[in-house]
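What follows is a single structure, written as structure tokens, with notes after it.
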Amino acid sequence: MSRFSARVEAISISGIREVFEAAGEDAINLGLGQPDFPTPDHARRAAVDAIEAGEVDAYTSNKGTRELREAIAAKHARDGQSVDPEDVIATAGGSEALHLAMEAHVEPGDEVLIPDPGFVAYDALTKLAGGTPVPVELREDLTLDPAAVEAAITDETAAFVVCSPANPTGAVQSPADMREFARIADEHDVLCLSDEVYEQIVFDGEHRSPMEFGENVAVVNACSKTYSMTGWRLGWVTSTTDRIERMLRVHQYVQACASAPAQYAAEAALSGPQDVIDEMVGAFAERRDVLLDGLADMGLETPTPSGAFYAMPRVPEGWVDAVIDRGVVVVPGEAFGANGAGHARISYAVSVETLKEALEAMRAATRATR
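The sequence shown begins at 193 in our numbering and counts up by one.
As structure tokens, this is what we get:
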């Protein structure tokens with residue numbers, strides 16, 4: 193008998209983490225998937241006040257506090273979506289929300305269609321649920337083509353994943369695409385799992401959710417990127433009542449409830465002033481343009497990212513290693529799937545000054561690998 197399960201043996205440590213560990217301590221890190229801004233003061237204060245008032249010493253409801261779920265529902269209402277607070281589960285970040293959705297919907301042997309390149313967790317969480325990830329190649333502009341998704345659906349397909357704005361590409365799906373994804377999910381009776389954690393960080397176009405257009409959708413979101421709260425580990429999942437009930441069965445055993453202090457902070461972030469988002473998005477837009485101009489000057493082709501805080505240029509062989517050797521961490525595209533080969537993911541969640549310093553290292557690497 194094997195000492196470890198086949199499911200866990202099918203996955204490995206993320207390639208992103210391997211790059212971090214290989215880099216020097218003083219390296220400029222353009223591999224991090226988190227904003228470089230502080231959590232809003234009113235969110236921090238809400239957590240401190242709740243701690244000092246003794247309101248966080250016990251479990252909350254499995255789904256999260258009623259007040260937090262009402263704040264999440266109100267956020268969706270601002271976006272033109274109707275969500276019942278009873279159909280929300282507060283989770284330990286968006287990662288747990290993805291895990292719940294996979295565990296509740298994927299049988300051993302089921303297929304899950306995932307974007308390639310795409311966020312590393314989609315492949316791993318599918319395998320942990322006993323499923324088979326099926327990569328779907330992206331368009332030239334690095335968006336996911338609904339026609340390609342529909343063509344890949346088989347009798348074994350349980351779900352497909354959409355991420356917009358996308359990690360690792362920064363691509364934003366059009367409203368027409370999102371409507372098509374919803375149609376595909378409904379007509380083929382499969383789940384559309386929509387990862388929307390970067391939804392507020394959009395520079396060009398607009399974010400729309402497939403939840404607006406269909407029933408067979410589960411939306412994963414979090415405070416992590418929008419409010420710079422990655423360390424607080426507070427996300428949520430919302431879907432139809434029957435799907436939420438099944439996901440709750442998993443959540444109550446693996447997590448019980450999300451961290452109580454984080455729930456109070458998230459409620460305040462969602463309900464309080466939202467101008468911090470505009471300030472952050474404005475800064476990211478400026479950095480994006482600095483990065484794109486620098487990459488263009490090197491002759492590197494980069495599809496223009498319309499959201500998130502990543503760019504994914506096409507790079508020469510050996511470029512990533514050459515950049516890392518020069519003290520700048522970037523992530524090889526193949527860490528996000530086979531179709532990411534020949535690309536690199538660059539996070540511009542650093543200051544303009546730091547970005548310009550990193551670009552000098554990239555220029556030297558580009559000269560050395562051409």
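We treat Cβ as the ideally placed atom computed from N, Cα and C, and that holds for glycine.
Remember, it's a predicted structure, so these values are computed and weren't measured experimentally.
On the DSSP letters alone, give me the boundaries of the beta strand (DSSP E) that G519 sits inside.
Run containing G519: none; DSSP gives neither H nor E here.
Going by DSSP, name the residue or residues bridged to T324.
Within the DSSP secondary-structure output, T324 pairs in a beta bridge with E303.
If E478 sits next to V544, beta carbons under 8 Å apart, how far is it from one beta carbon to the other, in whole angstroms?
Indeed, because the Cβ distance is near 7 Å, the residues count as touching under 8 Å.
Per DSSP, E280 is paired with what?
Checking the displayed sequence, the identity of residue 280 turns out to be Val instead of Glu. Answer is T430, bridged to V280.
How many whole angstroms separate the CB atoms of V409 and A363, which I take to be in contact at a CB cut-off of 8 Å?
With 8 Å as the limit, V409 and A363 do not qualify as a contact, their Cβ atoms being about 19 Å apart.
Per DSSP, what kind of secondary structure is R195 in: helix, strand or coil?
Coil.
Note down, in chain order, each residue of its chain lying with its Cβ closer than 8 Å to the Cβ of R237, except the 5 sequence neighbours on either side.
Correct list, in chain order: A460.
Would you report the Cα separation of A289 and D396, rounded to the nearest angstrom?
One C-alpha to the other measures close to 27 Å.
Within a Cβ cutoff of 7 Å, which residues of the same chain sit near V512, ignoring the five residues on either side of it in sequence?
V522, P524 and A536
How long is the line joining the alpha carbons of N254 and G285, rounded to whole angstroms?
Cα-Cα distance, rounded: 15 Å.
Beta carbon of Q365 nearer than 9 Å to that of L385
Result no, Cβ atoms of Q365 and L385 do not sit closer than 9 Å.
Measuring only the C-alpha atoms, how far is D333 from Y419?
28 Å
Where does G499 fall in DSSP's three states?
strand
Counting pairs of beta carbons, one from the stretch 489–503 and one from the stretch 265–275, are three or more of them closer than 8 Å?
no
Should G510 and P309 be called a contact, given that it needs their Cβ atoms to be closer than 9 Å?
no
Using the Cα positions of L260 and A557, report the straight-line distance between them to the nearest angstrom.
48 Å
When the Cα of L551 is compared with those of R441, I220 and I203, which residue comes out closest?
Checking every option, the nearest Cα to that of L551 belongs to I220.
What is the DSSP secondary structure of E478, reduced to helix, strand or coil?
In this structure, E478 counts as helix in the three-state DSSP scheme.
In this structure, does DSSP put L330 in helix, strand or coil?
coil
My guess is that G323 and D302 are in contact by the Cβ rule of under 8 Å, so how many angstroms apart are they, rounded?
5 Å
Neighbourhood of I208 by C-beta distance below 7 Å, restricted to the same chain and skipping five residues each side
G223, V312, V523 and A527
Beta-carbon proximity check, E404 vs A377, cutoff 9 Å:
no
Between R441 and L330, what straight-line distance do the alpha-carbon atoms span, to the nearest angstrom?
34 Å
Assign A450 to one of three DSSP states: helix, strand, or coil.
The three-state secondary structure of A450, taken from DSSP, is coil.
Limits of the unbroken beta strand (DSSP E) element including L292
Here L292 belongs to no beta strand (DSSP E); instead the alpha helix (DSSP H) covers G285 to H297.
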